[in-house]
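*Asks:* This structure is in structure tokens; I'll ask about it shortly.
Protein chains: 2
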Amino acid sequence: MASTDYIPHISYDSVIFGFSGDKLKILLLEYHNTELLALPGGFVKNTEDLNDAVRRGLEERTGLKNIYLEQFYTFGNYQRHQPQVLKTILEANGFDSGGEYRWMLDRFITVAYYALINYNEVVPQPDELSDFCKWYPVDQLPPLMLDHADIVAKAIDTLRENIDRKLIGMNLLPEKFTMKELQHVYEAILGVNLRRTTFQRKMLASDLLIRHEKKYSGEAHKAPFLYSFRIK
Amino acid sequence: MASTDYIPHISYDSVIFGFSGDKLKILLLEYHNTELLALPGGFVKNTEDLNDAVRRGLEERTGLKNIYLEQFYTFGNYQRHQPQVLKTILEANGFDSGGEYRWMLDRFITVAYYALINYNEVVPQPDELSDFCKWYPVDQLPPLMLDHADIVAKAIDTLRENIDRKLIGMNLLPEKFTMKELQHVYEAILGVNLRRTTFQRKMLASDLLIRHEKKYSGEAHKAPFLYSFRIK
DNA sequence: TTATTATTGTCATGAAATGAGACAATAATG
DNA sequence: CATTATTGTCTCATTTCATGACAATAATAA
Numbered sequence: 000m001a002s003t004d005y006i007p008h009i010s011y012d013s014v015i016f017g018f019s020g021d022k023l024k025i026l027l028l029e030y031h032n033t034e035l036l037a038l039p040g041g042f043v044k045n046t047e048d049l050n051d052a053v054r055r056g057l058e059e060r061t062g063l064k065n066i067y068l069e070q071f072y073t074f075g076n077y078q079r080h081q082p083q084v085l086k087t088i089l090e091a092n093g094f095d096s097g098g099e100y101r102w103m104l105d106r107f108i109t110v111a112y113y114a115l116i117n118y119n120e121v122v123p124q125p126d127e128l129s130d131f132c133k134w135y136p137v138d139q140l141p142p143l144m145l146d147h148a149d150i151v152a153k154a155i156d157t158l159r160e161n162i163d164r165k166l167i168g169m170n171l172l173p174e175k176f177t178m179k180e181l182q183h184v185y186e187a188i189l190g191v192n193l194r195r196t197t198f199q200r201k202m203l204a205s206d207l208l209i210r211h212e213k214k215y216s217g218e219a220h221k222a223p224f225l226y227s228f229r230i231k
Numbered sequence: 000m001a002s003t004d005y006i007p008h009i010s011y012d013s014v015i016f017g018f019s020g021d022k023l024k025i026l027l028l029e030y031h032n033t034e035l036l037a038l039p040g041g042f043v044k045n046t047e048d049l050n051d052a053v054r055r056g057l058e059e060r061t062g063l064k065n066i067y068l069e070q071f072y073t074f075g076n077y078q079r080h081q082p083q084v085l086k087t088i089l090e091a092n093g094f095d096s097g098g099e100y101r102w103m104l105d106r107f108i109t110v111a112y113y114a115l116i117n118y119n120e121v122v123p124q125p126d127e128l129s130d131f132c133k134w135y136p137v138d139q140l141p142p143l144m145l146d147h148a149d150i151v152a153k154a155i156d157t158l159r160e161n162i163d164r165k166l167i168g169m170n171l172l173p174e175k176f177t178m179k180e181l182q183h184v185y186e187a188i189l190g191v192n193l194r195r196t197t198f199q200r201k202m203l204a205s206d207l208l209i210r211h212e213k214k215y216s217g218e219a220h221k222a223p224f225l226y227s228f229r230i231k
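Those protein sequence lines, which keep their order, are chains V and R. With numbering that gives the first Met the number 0, letter number 23 in the first sequence gets 22, and the count goes up by one each step, no holes. With numbering that gives the first Met the number 0, letter number 69 in the second sequence gets 68, and the count goes up by one each step, no holes.
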């Protein structure tokens, strides 16, 4: 990770959404020997496309390829520049903040992306500066480093705006799912309760879903159908 | 414009929309002694907020303060890097592309914004590298430099998505306007014809407009009311 | 003064989408 | 076979929207 390999002053951060236990969650890193939680992020190589850099970083962190990824905002306030925070992290990891890693103390403008992944397919991998990589529900986030709380808030806003225009449910659920599970994804993202019959009618009318066999859960009531999304 | 004043590798470009003659138009620069048309853009000072930098550049170009401004995408493909294009422009202006301006040949990741302005209040000002600064209708654009055509296309897409959520008409029209003028703004942005009665009903029901006196144009028909937007 | 013309503001009508609840079907259990 | 919880679908009222009809009106022509 020599400074000459990367474009200086530019980073990316990714808000990685997953869905589990009826809650919308994101992946956060915790740095060694500090109490700072942060979004997974990284830098862009000199001859690399910005979007490719983000995809590369995500694949390292999740092990998944072909992740659903969307850029949503670039954060460039001068106030983001807090070199002492990076210094703390570097030194807590035993790196010399005056040497090879000096460039990481510079001012960075960061391009933010959100990703949607299937929670069950992922084993989160921490990076070389962090030891934890854990899921946190978006309605119970701990304090985050720098302006990362603003970045998460904007990511959720964007997700809400996009919920009916992009196939968000598809990327947060397994291949096959019940109508109730899909409804819970919508409810977790929008933060409201939806009416079951109206939701079901709207989804079926949208022609996005294919109905499959029933799912017998072993519980004492009618078994729901499984669905998948028509377009991949 | 010394390299040390600005963050390297980061630029912004602005798509400045105006409305005139029932057409949606944008401002383009033409560089001295070249045939390259480009979006107005600039760089971010070392201790300046990104958003402030864009606002500063826009004020220089239009003379307006408090411009409606929205960031919509950051373009970071490596293919954007075409140093010979910048070299041509610099040398056509008599600058030494190997000296003080050398940094402008570097790779840049550009943050794109769109602005909405009242066409009649603006006298476009070219910058130090360009001699023309002219309005072009978005449906008849000439070839643009680098990936600027992509940037414009994405700006228009974003404008369409935002048309009902943000007060776009307000910023493209003078203080008071007729319902027909507002409809023409919508039609120019969406690229479709709208039904007069439906548009009028929807706008009145939205509660965004205040009705003022009638506008007597001298033509042989009923005079329309003037409207303004309720919130500023 | 009165008829003409183009445009505007509003209403009437029917179609489509949505909200809210009713109800039968059904998978397991007692 | 009755009970229970949940699901799939239907009904009905309400709201929204598309479309066309029509009267009001500002200037001009007769």
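All residues carry an ideal CB built from backbone N, CA and C; glycine is no exception.
1) Would you grab the beta carbon distance between leucine 36 of chain V and proline 141 of chain V for me? Rounded to a whole angstrom, and I think it's under 8 Å.
2) Compare the C-beta of valine 110 of chain V against all C-beta atoms of chain R and say whether one is closer than 7 Å.
3) With a CB to CB cut of under 6 Å and the five nearest residues on each side skipped, what residues in its chain are close to leucine 89 of chain V?
4) In chain V, what lies closer than 7 Å to aspartate 48 of chain R by C-beta?
5) Does the Cβ of glutamate 180 of chain R have 16 or more other Cβ atoms within 10 Å, making it buried, or fewer, making it exposed?
6) Determine the chain R residues that contact glutamine 70 of chain V at a beta-carbon separation under 7 Å, and present them in chain order.
7) Cα-Cα, which of R:Glu212, R:Ser216, R:Gly217, R:Ser10 is closest to leucine 104 of chain R?
8) What first and last residue would you give for the beta strand (DSSP E) that runs through proline 7 of chain V?
9) Quick one: what's got a C-beta closer than 6 Å to leucine 85 of chain V's C-beta in the same chain, skipping five residues either side?
10) Using a cut-off of 7 Å between C-beta atoms, extract the partners of leucine 8 of chain R located in chain V.
11) To the nearest angstrom, how far is it from the Cα of lysine 44 of chain V to the Cα of valine 14 of chain V?
12) For the alpha helix (DSSP H) that phenylalanine 198 of chain R lies in, which residues bound it at each end?
13) Name, going along the chain, the residues of the region 92-124 of chain V whose beta-carbon falls closer than 8 Å to a beta-carbon of chain R.
14) Since valine 43 of chain V meets chain R, which of its residues come closer than 8 Å, beta carbon to beta carbon?
15) Go through its chain and collect everything with a Cβ distance to valine 110 of chain R's Cβ below 6 Å, but skip five positions before and after it.
16) Which residues bound the beta strand (DSSP E) around alanine 91 of chain R?
17) Which whole-angstrom value describes the C-beta separation of tyrosine 67 of chain V and phenylalanine 42 of chain V, a residue pair presumed to lie in contact below a C-beta threshold of 8 Å?
18) Residues in the same chain with beta-carbon distance under 7 Å from alanine 91 of chain R, minus the five sequence neighbours each way, listed in chain order, please.
19) List the residues that DSSP assigns as beta-bridge partners of glutamate 99 of chain R.
20) What is the DSSP secondary structure of glutamine 139 of chain R, counted as helix, strand or coil?
21) Could you check what DSSP says for glycine 56 of chain R in three-state terms: helix, strand or coil?
22) Run through DSSP, which three-state label would valine 184 of chain R get?
23) Roughly how many angstroms lie between the CA atoms of leucine 145 of chain V and histidine 8 of chain V, to the nearest whole one?
24) Distance, Cα to Cα, threonine 61 of chain V vs lysine 22 of chain V?
25) Can you look up alanine 219 of chain V in the DSSP assignment and give me helix, strand or coil?
26) Could you check which residue in R:Lys213, R:Thr196, R:Leu57 has the C-alpha nearest to that of valine 121 of chain R?
27) Could you name the residues of the same chain whose beta carbon sits closer than 6 Å to that of glycine 75 of chain R, not counting the 5 residues immediately before and after it, in chain order?
28) Near asparagine 119 of chain V, what residues of its chain come up, given a Cβ to Cβ distance below 7 Å and the 5 sequence neighbours on each side ignored?
29) Where does the unbroken beta strand (DSSP E) through threonine 109 of chain R begin, and where does it stop?
30) CB-CB under 8 Å to lysine 213 of chain R, same chain, minus the five flanking residues each way: which ones, in chain order?
31) Relative to the C-alpha of isoleucine 230 of chain V, which candidate in V:Lys165, V:Ile150, V:Glu218, V:Asp126 has its C-alpha closest?
32) How far does the beta strand (DSSP E) with lysine 24 of chain V in it reach, from first residue to last?
33) Under 6 Å Cβ to Cβ from glutamine 70 of chain V, same chain only, skipping five residues before and after it: list those, please.
*Replies:* For this structure:
1) On the first sequence, position 37 is the one that residue 36 of chain V refers to. On the first sequence, position 142 is the one that residue 141 of chain V refers to. Sure, about 5 Å apart at Cβ, within 8 Å.
2) Counted from its first residue, the first sequence places residue 110 of chain V at position 111. Closer than 7 Å to some Cβ of chain R, the Cβ of valine 110 of chain V qualifies, so yes.
3) As a first step, residue 89 of chain V must be located in the first sequence, where it is residue number 90. If we look at leucine 89 of chain V and ignore the five residues flanking it on each side, its Cβ neighbours are Ser96, Tyr100.
4) Locating residue 48 of chain R in the second sequence gives position 49, where the first residue counts as 1. Near aspartate 48 of chain R (Cβ distances below 7 Å), the residues of chain V are Gly75, Asn76, Tyr77.
5) For the purposes of this step, residue 180 of chain R is taken as residue 181 along the second sequence, with counting starting at 1. Under this definition glutamate 180 of chain R is a buried residue.
6) Along the first sequence, one-based indexing puts residue 70 of chain V at 71. Result: Tyr72, Thr73.
7) Taking the first residue of the second sequence as position 1, residue 104 of chain R is located at position 105. Among R:Glu212, R:Ser216, R:Gly217, R:Ser10, the Cα nearest to that of leucine 104 of chain R belongs to R:Ser10.
8) Stepping through the first sequence from its first residue, residue 7 of chain V is reached at position 8. Unbroken beta strand (DSSP E) run through proline 7 of chain V: 5-19.
9) By 1-based counting over the first sequence, the position of residue 85 of chain V is 86. Excluding positions up to five away in sequence, the list reads Met103, Leu104.
10) Translated into the one-based positions of the second sequence, residue 8 of chain R becomes position 9. First, the residue type needs correcting, since residue 8 of chain R is histidine and not leucine in the sequence shown. Correct list: Ile6, Pro7, His8, Ile9.
11) As a position in the first sequence, residue 44 of chain V is number 45, starting the count at 1. As a position in the first sequence, residue 14 of chain V is number 15, starting the count at 1. C-alpha separation (whole angstroms): 21 Å.
12) In the second sequence, the residue the question calls residue 198 of chain R occupies position 199. Element bounds for phenylalanine 198 of chain R: 195-205.
13) Arg106, Ile108, Val110
14) On the first sequence, residue 43 of chain V is found 44 positions in, with the first residue counted as 1. Those within 8 Å of valine 43 of chain V in chain R are Gly75, Ile108.
15) The residue given as residue 110 of chain R occupies position 111 in the second sequence. If we look at valine 110 of chain R and ignore the five residues flanking it on each side, its Cβ neighbours are Tyr11, Thr73.
16) Numbered from its first residue, the second sequence carries residue 91 of chain R at position 92. Not the beta strand (DSSP E): alanine 91 of chain R falls in the alpha helix (DSSP H), residues 82-91.
17) Counted from its first residue, the first sequence places residue 67 of chain V at position 68. Counted from its first residue, the first sequence places residue 42 of chain V at position 43. Between phenylalanine 42 of chain V and tyrosine 67 of chain V the Cβ distance is about 22 Å, and since that is not below 8 Å, they are no contact.
18) The count along the second sequence starts at 1 and reaches residue 91 of chain R at position 92. Correct list, in chain order: Tyr30, His31, Asn32, Thr33.
19) On the second sequence, position 100 is the one that residue 99 of chain R refers to. For glutamate 99 of chain R, which the question treats as bridged, DSSP gives no partner whatsoever.
20) As a working note, residue 139 of chain R is residue 140 in the second sequence. It is helical.
21) Locating residue 56 of chain R in the second sequence gives position 57, where the first residue counts as 1. Of the three classes helix, strand and coil, the one that applies to glycine 56 of chain R here is helix, per DSSP.
22) Residue mapping note: residue 184 of chain R aligns to position 185 of the second sequence, counting from 1. The answer is helix: DSSP assigns valine 184 of chain R an H, G or I state.
23) Residue numbering aside, residue 145 of chain V sits at position 146 when the first sequence is read from its first letter. Residue numbering aside, residue 8 of chain V sits at position 9 when the first sequence is read from its first letter. The straight-line gap from Cα to Cα measures roughly 16 Å.
24) The count along the first sequence starts at 1 and reaches residue 61 of chain V at position 62. The count along the first sequence starts at 1 and reaches residue 22 of chain V at position 23. If I take the Cα positions, the gap works out to 19 Å.
25) Looking up residue 219 of chain V in the first sequence gives position 220. Correct three-state label for alanine 219 of chain V: coil.
26) Here the question's residue 121 of chain R lines up with position 122 in the second sequence. Of the candidates R:Lys213, R:Thr196, R:Leu57, the one whose C-alpha sits nearest the C-alpha of valine 121 of chain R is R:Leu57.
27) Sequence index remark: in the second sequence, residue 75 of chain R carries index 76 (1-based). Hits under 6 Å: Ile108.
28) Translated into the one-based positions of the first sequence, residue 119 of chain V becomes position 120. Cβ within range, chain order: Pro173.
29) Taking the second sequence and counting its residues from 1, one reaches residue 109 of chain R at position 110. Element bounds for threonine 109 of chain R: 108-115.
30) Taking the first residue of the second sequence as position 1, residue 213 of chain R is located at position 214. Here the set comprises Ala222, Pro223, Phe224, Leu225.
31) Taking the first sequence and counting its residues from 1, the one referred to as residue 230 of chain V is at position 231. The residue with the shortest Cα to Cα distance from isoleucine 230 of chain V is V:Lys165.
32) Residue 24 of chain V sits at position 25 when you count from the first residue of the first sequence. Per DSSP, lysine 24 of chain V belongs to the beta strand (DSSP E) from 22-30.
33) Residue mapping note: residue 70 of chain V aligns to position 71 of the first sequence, counting from 1. Within the same chain, glutamine 70 of chain V has close Cβ partners Tyr112.
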